[in-house]
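Data block below; observations after.
Numbering (this note's numbering), first residue to last: 7 to 490.
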């Protein structure tokens with residue numbers, strides 16, 4: 007770091023235990039943060055060697071700053087502003103896969119190295135049947151990983167104690183299972199020996215994981231200058247993250263638990279036999295809450311999520327949407343009412359973060375697909391449980407339709423379908439036709455009792471009045487029903 011008035015010293019000098027593919031901000035703001043915290047607490051004592059897989063950018067700044075960087079944690083936790091500045095010193099080296107592949111391969115011979123972490127974007131976990139495992143380097147991340155595992159297998163003569171715990175953090179379902187399948191496919195395609203394949207299966211743990219933390223990345227020029235004055239040094243690698251953090255790892259293996267001793271350092275890390283409940287909480291409350299609220303927020307004139315949450319009436323809509331309706335649909339044998347409520351409170355804190363500029367228009371991309379994937383199941387479950395349609399969800403759905411009417415150039419693969427229906431049908435018939443598109447929703451949403459009528463009513467109101475007025479009237483009507 008470019009020091010102004012004091013020197014930063016690494017607090018850990020343990021062996022390299024982690025091989026990380028990717029230098030991106032999510033890895034630096036979540037897994038690297040957890041490992042650094044564990045090192046400082048004395049429950050891991052391991053460093054990270056990072057592999058830079060792409061040709062974009064350089065590793066010079068990591069070298070100049072000895073792998074250190076500052077993580078600025080800014081946001082809201084339990085309704086209160088949080089601002090922390092944490093120097094992360096867990097990274098020992100950053101290697102270029104393109105220019106230093108032999109050095110990367112040599113890490114396979116390190117007996118202390120037990121964990122592999124990756125974040126190579128969603129397309130990184132894909133089978134490249136023509137990848138060359140003997141290239142320097144192989145093209146794909148699975149190819150690189152297979153080459154490293156093969157080197158390790160031969161160097162340690164197939165020692166069953168020398169396998170790795172492999173933790174992909176790419177945002178795809180069953181990422182660990184899919185990565186393992188691809189590595190096995192590559193081993194078969196290249197005719198690697200059966201003993202290696204047996205070792206690959208038995209000695210290594212490919213764990214499916216779920217990561218959740220907003221890490222916007224590099225500080226703005228103003229933020230960087232303010233941090234430099236406050237902290238006394240200039241950090242070219244500094245990044246920002248929200249307070250919320252979750253890394254759920256799916257495994258019931260004692261071997262995995264032993265190797266991932268850093269899990270105990272932070273409650274945001276969870277090692278569990280099944281991560282389904284964490285996926286469900288995130289999908290229905292965080293993602294689903296965004297999607298139900300998005301069109302309505304834009305119709306109310308809000309540009310960013312934090313701006314909408316600063317408005318008392320809209321914030322109340324979001325809270326009731328999640329806590330009166332969505333949480334009711336996810337409570338089951340795996341998720342308790344308290345867990346659902348606590349997660350909804352965390353989501354409200356995250357939506358309200360004054361340090362994040364999350365624009366509603368960016369959330370509206372691929373709006374129709376998001377509405378189906380995140381929210382149709384919530385609608386179904388609510389109706390199955392109560393026999394009536396949820397009003398806050400219905401208003402959110404009407405907001406989506408009204409937004410799509412007014413923004414026909416928005417990036418949505420089904421935008422032309424909606425536009426064609428809008429051109430051919432008018433009045434109430436438009437809503438019935440849209441809800442009946444089973445290719446969009448996977449079902450006929452007209453089958454949900456009262457849903458079409460509620461959406462039609464709210465859509466008509468939104469076309470005539472401002473979004474905030476419609477929310478206000480929903481609040482007043484709900485109050486009258488409660489009194490009655």
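Ideal Cβ positions, reconstructed from N, Cα and C, are used throughout, including at glycine.
Anticipated Cβ contact below 8 Å, residue i with residue j, distance rounded
i, j, result
"residue 164", "residue 172", "The Cβ separation is near 18 Å, so there is no contact."
"residue 292", "residue 353", "5 Å"
"residue 441", "residue 380", "Not really, about 17 Å apart at Cβ, beyond 8 Å."
"residue 52", "residue 31", "So it is not a contact: roughly 22 Å between Cβ atoms."
"residue 405", "residue 414", "At roughly 16 Å, the Cβ-Cβ gap does not stay under 8 Å, so residue 405 and residue 414 are not in contact."
"residue 107", "residue 159", "At roughly 18 Å, the Cβ-Cβ gap does not stay under 8 Å, so residue 107 and residue 159 are not in contact."
"residue 287", "residue 383", "Actually they are not in contact, since the Cβ atoms of residue 287 and residue 383 sit about 13 Å apart, beyond 8 Å."
"residue 233", "residue 244", "6 Å"
Test item: CB-CB of residue i and residue j under 8 Å
i, j, result
"residue 446", "residue 374", "yes"
"residue 169", "residue 209", "yes"
"residue 271", "residue 457", "no"
"residue 319", "residue 467", "no"
"residue 284", "residue 216", "yes"
"residue 492", "residue 355", "Residue 492 lies beyond the range of the chain shown here (7 to 490); nothing can be said about it."
"residue 411", "residue 372", "no"
"residue 255", "residue 306", "no"
"residue 324", "residue 357", "yes"
"residue 76", "residue 241", "yes"
"residue 297", "residue 166", "no"
Status (buried if at least 16 other CB within 10 Å, exposed otherwise) for residue i
i, result
"residue 399", "buried"
"residue 470", "exposed"
"residue 79", "buried"
"residue 257", "buried"
"residue 126", "buried"
"residue 279", "exposed"
"residue 34", "buried"
"residue 397", "buried"
"residue 71", "buried"
"residue 149", "buried"
"residue 499", "With the chain covering 7 to 490 only, the question about residue 499 has no answer from this structure."
"residue 273", "exposed"
"residue 120", "buried"
"residue 247", "buried"
"residue 429", "exposed"
"residue 29", "buried"
"residue 73", "buried"
"residue 350", "buried"
Host alpha helix (DSSP H) of residue i (start-end)
i, result
"residue 374", "373–392"
"residue 54", "Per DSSP, residue 54 belongs to no alpha helix (DSSP H); it is in the beta strand (DSSP E), 53–58."
"residue 409", "397–412"
"residue 218", "Premise fails: residue 218 lies in the beta strand (DSSP E), 215–218, not in any alpha helix (DSSP H)."
"residue 205", "200–209"
"residue 256", "Note, residue 256: premise wrong, no alpha helix (DSSP H); beta strand (DSSP E) at 252–256."
"residue 152", "147–161"
"residue 45", "37–47"
"residue 463", "457–470"
Span of the beta strand (DSSP E), counted from its first residue to its last, around residue i
i, result
"residue 81", "75–83"
"residue 341", "Run containing residue 341: none; DSSP gives neither H nor E here."
"residue 449", "Unbroken run through residue 449: none, as it is neither H nor E."
"residue 1", "Past the boundaries of the shown model lies residue 1; the chain is included only from 7 to 490, so the question cannot be answered."
"residue 94", "86–94"
"residue 26", "22–27"
"residue 172", "171–174"
"residue 189", "Taken as a continuous stretch (DSSP letters only), residue 189 belongs to no beta strand (DSSP E), being part of the alpha helix (DSSP H) at 181–195."
"residue 98", "97–102"
Residues near residue i by beta carbon distance below 8 Å, same chain, minus five either side
i, result
"residue 38", "26, 54, 94, 96, 97"
"residue 489", "Any reading at residue 489 must be qualified, since the residue scores a pLDDT of 43, below 50, and its modelled position is unreliable; no value is offered."
"residue 151", "27, 122, 124, 172, 185, 189"
"residue 391", "334, 335"
"residue 444", "450"
"residue 117", "162, 168"
"residue 259", "211"
"residue 157", "111, 114, 115"
Cutoff 6 Å; reference residue i; Cβ partners in own chain excluding five residues on either side
i, result
"residue 184", "131"
"residue 366", "300, 303, 304"
"residue 10", "Confidence is the limiting factor: at residue 10 the pLDDT is only 38, short of 50, which leaves the residue's position unreliable, though a coordinate-based value still follows. If we look at residue 10 and ignore the five residues flanking it on each side, its Cβ neighbours are 238, 239."
"residue 497", "In the structure as shown, the chain starts at 7 and stops at 490, and residue 497 therefore has no counterpart that could be examined."
"residue 44", "50, 268, 271"
"residue 249", "79, 81, 83, 88"
"residue 68", "100"
Residues of its chain near residue i, where Cβ-Cβ distance is below 7 Å and the 5 sequence neighbours each way are ignored
i, result
"residue 389", "395, 454, 455"
"residue 438", "452, 458"
"residue 196", "139"
"residue 87", "none"
"residue 408", "301, 305, 465, 468, 469"
"residue 282", "340"
"residue 321", "315"
"residue 431", "439"
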